[in-house]
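Q: Here it is, the structure, as structure tokens.
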Amino acid sequence: MPAMVACCRRRVLQCASASFRAQRSAAQPRQRDEGVGPAERREGLGAHRSGGNMAPDAVSRVRSTGSAHFGCSFPSIKASSSFARNIEPLRAIATEAPPAVPQYSSGEKMKIGINGFGRIGRLVLRIATSRDDIEVVAVNDPFIDAKYMVYMFKYDSTHGPFKGSIHVVDDSTLEINGKKITITSKRDPAEIPWGNYGAEYVVESSGVFTTTEKASAHLKGGAKKVVISAPSADAPMFVVGVNENSYDPKMNVVSNASCTTNCLAPLAKVVHEEFGIVEGLMTTVHATTATQKTVDGPSMKDWRGGRGAGQNIIPSSTGAAKAVGKVLPELNGKLTGMAFRVPTPNVSVVDLTCRIEKSASYDDVKAAIKAASEGALKGILGYTDEDVVSNDFVGDSRSSIFDAKAGIGLSSSFMKLVSWYDNEWGYSNRVLDLIAHMALVNTKH
């Protein structure tokens, strides 16, 4: 009899131990999701296990095992639909379409020509097709024929397919949404007869003619004004929302600065006007651009820039911070910075670490930026306090979206400010906004 009792006792202890292991296995996180198949992962089961929650089948096993071996019952646990549902993605404020920047139209459509059908040239055309105050009448690119233009314009790996209609009429004409656009392939901008097509404003987006002298060649073909979609060594630079009011109708060639300067300048403007910037260092974590190499290749002027864009984080130089001193003279000499090129296709982020004159908390600075984003800089400067990441800003037309949660203050005079920007879409919108402003000023003179 004692031997039988001892045997039964061992059996009970073994069963209890097995039950406890089953319960613990179901309840604790698995290091590598052992036993979680593809179907379970799709239903979110693996995610819930790693979070410490038991799946319904595991709960039922523990309940039945526990009742049988221990002579007790667990509280009734009903399988919730939350175990099987996928986690819903966060919809950030930044993904919502911002209010349109006020269009400075004089009442007549501005007729525009585009030289260079690269990333910016194509997006400027896309945006122009959705605006009532702008009409693109001609596009010049010496390396692309009409059929290939249609293909490149219609399909975009970052911004998706064009939702309107586009087709080739003939070798020198495209039709977009029922409107015809002349196509030319001149290498010398002086040979493009912009005047014949009615193009008064030319977007110089080839990346080649970035000085006043070179870009002025477009004027010989009948264009009245040229906007360079890049920083310029000598052309006046403008950032919409910051210094566009200093445009003078006597200026025939101007620069829209860089996408990074367009992000940094509105932010710096608000902070400086409210608190005073003593000095600052900027870092832009910048998406890959067409100037980089897909794999390691020759780059004599910038050796690191020749390394594979998809494989590396590449330190690089940028004049964006210093350029802020040109659009905000009171900050001249107070800002400088550098860049990291990272292997993402689009959307970049500015980190401005600055020392301010007026004592303030980080919350004070956030409040000032939020007020500006809802007031004078609405549509240019944005504000978000959600848990966003870079892809949440693809297609955002604002120049700069301040991330309240990403920044931090060290003291009442020293803090880090973070702001996102779609370096393609946001910048291309500003190119057209600058032209619209120029057109309005020109009509008044």
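Number 216 in the numbering used here belongs to position 234 of the sequence shown; there are no gaps in the numbering. For each residue, glycine too, the CB sits at the ideal point set by N, CA and C. Quantities reported herein were computed from a predicted structural model and do not represent experimental measurements.
#1: Find the nearest neighbour of C336 within the set S187, K251, E157, D152, judged by alpha-carbon distance.
#2: So, under 8 Å CB-CB, G441 and S187 are touching, yes? Tell me the CB distance rounded to an integer number of Å.
#3: Find out if the Cβ-Cβ distance for the pair V417, V209 is shorter than 8 Å.
#4: Taking contact to mean at least 3 C-beta pairs separated by less than 8 Å, is the segment 301 to 308 in contact with the segment 324 to 331?
#5: In this structure, how does DSSP classify R380 when only helix, strand and coil are distinguished?
#6: Rounded to whole angstroms, what is the Cα-Cα separation between V306 and G180?
#7: Give me whichever residues DSSP pairs with D369 in a beta bridge.
#8: How many whole angstroms separate the CB atoms of S410 and C245, which I take to be in contact at a CB cut-off of 8 Å?
#9: Exposed or buried, P213, counting other C-beta atoms within 10 Å across all chains shown (16 or more means buried)?
#10: Using CA coordinates, which residue listed in V132, F135, F257, D127 is at the minimum distance from S394?
#11: With a Cβ-Cβ cutoff of 8 Å, do V184 and A205 count as a contact?
#12: I need the DSSP call for G95, collapsed to helix, strand or coil.
#13: Whose C-alpha, out of L392, L201, H200, P218, is nearest the C-alpha of P311?
#14: So what's M131 in DSSP terms, helix, strand or just coil?
#15: Answer with buried or exposed for R323, where buried requires no fewer than 16 other C-beta atoms within 10 angstroms of its C-beta.
#16: Are W402 and I383 touching if we call contact CB-CB under 8 Å?
#17: Does DSSP classify F396 as helix, strand or coil?
#18: In three-state DSSP terms, what is R113?
#19: For the segment 139 to 210, which segments carrying the alpha helix (DSSP H) assignment without a break, of at least 4 residues, lie completely within its bounds, in sequence order?
#20: Give the secondary structure of W285 by DSSP, where H, G and I count as helix, E and B as strand, and everything else as coil.
#21: Below 8 Å between beta carbons: does that hold for I94 and V132?
#22: Measuring CA to CA, which of S341, A247, A358 is closest to L334?
#23: Relative to the alpha-carbon of V400, which residue among V267, E195, A272 has its alpha-carbon at the smallest distance?
#24: Relative to the C-alpha of E255, which candidate in A353, M264, G98 has its C-alpha closest?
#25: Mind checking whether M264 and G319 have CB atoms under 8 Å apart?
#26: Skipping 5 residues on each side, what residues in its chain have a beta carbon closer than 8 Å to that of E173?
#27: Cutting at 6 Å between CB atoms, please list the residues of its own chain near V235, excluding the five before and the five after it.
#28: Whose CA, out of T271, A350, F375, G315, lies closest to the CA of A321?
#29: Which of the three DSSP states is assigned to A120 in this structure?
#30: Here's the rule I'm using: 16 or more other beta-carbon atoms within 10 Å means buried, otherwise exposed. How should L105 be labelled?
#31: If you draw a straight line from the C-alpha of I158 to the C-alpha of T111, how long is it?
#32: Please say whether K91 and D123 have beta carbons closer to each other than 8 Å?
#33: Output yes or no for whether 8 Å exceeds the beta carbon distance between T164 and E406.
#34: Between the C-alpha atoms of S147 and S154, what's the straight-line distance to the nearest angstrom?
#35: Measure the C-alpha to C-alpha separation of F220 and D345 and round it to an integer number of angstroms.
#36: With D333 as the anchor, note down where its beta strand (DSSP E) starts and where it stops.
A: On the basis of the data shown:
#1: K251
#2: In the structure displayed, the chain extends from -17 to 427; residue 441 sits before or after that span and is not available.
#3: Here residue 417 is Ile; the residue named in the question, Val, does not match the sequence. Yes.
#4: no
#5: coil
#6: 34 Å
#7: Beta-bridge pairing links D369 to no other residue.
#8: S410 to C245, Cβ: 14 Å. No contact.
#9: buried
#10: F257
#11: yes
#12: strand
#13: P218
#14: helix
#15: buried
#16: yes
#17: strand
#18: coil
#19: 176 to 179, 194 to 197, 199 to 202
#20: coil
#21: no
#22: A247
#23: V267
#24: A353
#25: yes
#26: G203
#27: T194, A197, S198, V208, A217
#28: T271
#29: strand
#30: buried
#31: 8 Å
#32: no
#33: no
#34: 17 Å
#35: 30 Å
#36: 330 to 338
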